[in-house]
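In full-length UniProt numbering, the protein residues as written are 1 to 386. Glycine residues also receive a C-beta, built at the ideal position from the N, C-alpha and C atoms. In this text, all values refer to a predicted model and were calculated from it rather than measured experimentally. Heads up, the thing below is written out as structure tokens.
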Ligand SMILES: Cc1cc2nc3c(=O)[nH]c(=O)nc-3n(C[C@H](O)[C@H](O)[C@H](O)COP(=O)(O)OP(=O)(O)OC[C@H]3O[C@@H](n4cnc5c(N)ncnc54)[C@H](O)[C@@H]3O)c2cc1C
């Protein structure tokens, strides 16, 4: 059976879907808004779980290549008190491959492989049920029709409105991301503080998390509870006396505001902010927990487009697993007339599973960035192998 299938978005969900379908000799068109694979920084590191992201890579025939690239030592996790005391220091056991880390850029290149992605094809609107199939409108004015359109276009999906009226809402937690390069040579003290994997410090309604990527690159996330417009008045919204509005494009002003927000924390911890380069504002948005929609023939969603949830190490894993599962189901469908039933069954299973994860990660975020830092520690004690 041969359908005109398009996947919108070349993130973990879309590329895994396309790669697994490709492995089953099915044609699929990948339409990506970015003009080129390296058009923007690929982002930080992802831990891929054995039964989720790694399973998806196995379905794509890429597990061995993933193992060669990934960093099992990156599973190390250290938690510090705000005064710098080490409270927990988990190290992976030899041979532990439950959740190894991989840079997003490496994962993207691994998935891209032989795929023929059409870059620079930003979708603006998807119209189901036209005479010739599902109509896709592009930002450059072009349009094209397909039998099945998969929306894997992330948090602010342009496919989603074709089947659901849900939109993401702000969680009340903002991340400001910065990074350090060549940490082992330029900042050996900080390198030792972070260790081989991640390091986190939890305070009252705020946290600082540092994650090692490959090649001595470290991403740091300053996390705090604040209204969405916190930067318009730091005095009123964050209690930073005498500080008015903040220009988020002014790196030195952002650095100084974050240092004031985390004032009193141990000096080596604050060095992560002192030495950070650019600062990126990432207010966390989510879709409603258990986001579901009435099935619309010819259109479906995967990954963040379907179930954007707090970033607690699950989103990319789910996105990849869903991509692999949907592709396998499509490849196994007996005939063209079964395609719609396959997608409907997939949606039911995806929505139920994602709903459970959305509940867990929403509750997790409440505990990680909370008025009581002991909650964050207790959460890790619950989930980390002893
Ligand atoms: C700080 C942070 C840390 C995280 N850490 C982890 C982690 O450790 N483990 C984990 O599992 N998850 C993690 N996540 C979550 C994870 O990043 C997402 O769940 C995952 O990227 C979702 O994949 P996706 O393919 O659905 O969407 P995305 O990764 O958002 O990809 C969407 C793609 O669609 C493209 N696109 C967007 N709009 C259009 C359009 N209109 N037309 C065409 N293309 C379009 C985009 O350019 C992009 O390439 C983290 C998230 C954050 C914010």
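- Contact between the stretch 325–333 and the stretch 360–376 is absent: fewer than three C-beta pairs spanning the two stretches fall below 8 Å.
- When only Cα atoms are considered, residue 273 and residue 259 end up about 7 Å apart.
- For ligand 1, no non-hydrogen atom lies closer than 7 Å to the CB of residue 213.
- Leaving aside the five residues that flank residue 319 on each side, the residues in its chain whose CB is nearer than 8 Å to its CB run, in chain order, 11, 12, 13, 16, 152, 302, 303 and 304.
- When the Cα atoms are used, residue 165 and residue 90 turn out to be separated by approximately 43 Å.
- Contact between the stretch 273–286 and the stretch 195–205 is absent: fewer than 3 CB-CB pairs across the two stretches fall below 8 Å.
- For residue 331 and residue 363, the gap between their C-alpha atoms comes out near 36 Å.
- Exclusion of the five residues before and after residue 168 leaves 155, 156, 285, 286, 287 and 308 as the residues of its chain whose Cβ lies within less than 8 Å of its Cβ.
- Nearest Cα to residue 182 within the set 161, 63 and 212: 212.
- Counting along the chain, no beta strand (DSSP E) covers residue 106; the unbroken alpha helix (DSSP H) around it starts and ends at 104–112.
- As computed with DSSP, residue 79 is found in a beta bridge with 88 and 200.
- Within the DSSP bridge table, the entry for residue 160 names no partner.
- Of all alpha-carbon atoms in 82, 92 and 84, the one lying nearest the alpha-carbon of residue 75 is that of 92.
- Under the three-state reduction of DSSP, residue 328 is assigned to helix.
- Between residue 147 and residue 245, the C-beta gap is not smaller than 8 Å, which leaves the two residues out of contact.
- The Cβ atoms of residue 57 and residue 99 lie no closer than 8 Å to each other.
- The C-alpha of residue 112 lies about 17 Å from the C-alpha of residue 68.
- The distance from the Cβ of residue 150 to that of residue 300 is about 6 Å, consistent with a contact at the 8 Å cut-off.
- For the pair residue 184 and residue 141, the CB atoms are not nearer than the 8 Å cut-off.
- By alpha-carbon distance to residue 44, the top candidate from 96, 50, 103 and 348 is 103.
- Boundaries for residue 71: no beta strand (DSSP E) harbours it, and the DSSP string shows neither H nor E there.
- Note that the C-beta distance between residue 136 and residue 6 is below 8 Å.
- Closest by C-alpha distance to residue 255, out of 222, 241, 160 and 55, is 222.
- For residue 172, the closest alpha carbon among the candidates 161, 228, 125 and 219 is that of 228.
- Per the coordinates, the alpha-carbon of residue 2 lies some 16 Å from the alpha-carbon of residue 134.
- Cα atoms of residue 250 and residue 88: separation of roughly 35 Å, rounded to the nearest angstrom.
- Here residue 382 carries a helix assignment [DSSP, helix/strand/coil].
- The continuous alpha helix (DSSP H) containing residue 18 extends over residues 12–23.
- For residue 242, the number of other beta carbons within 10 angstroms of its own is below 16, and it is reported as exposed.
- In the three-state DSSP reduction, residue 66 falls in the helix class (H, G or I).
- One thing to note: residue 377 has its Cβ no nearer than 8 Å to the Cβ of residue 312.
- In this structure, the CA atom of residue 283 is about 20 Å from the CA atom of residue 357.
- Straight through space, the alpha carbons of residue 361 and residue 97 are spaced by roughly 22 Å.
- Here residue 24 is exposed. Its C-beta has fewer than 16 other C-beta atoms within 10 Å.
- Taking the Cβ of residue 154 as the reference point, at least one heavy atom of ligand 1 falls within a distance shorter than 7 Å.
- Following the DSSP letters along the chain, one finds residue 283 inside the beta strand (DSSP E) bounded by residues 280–286.
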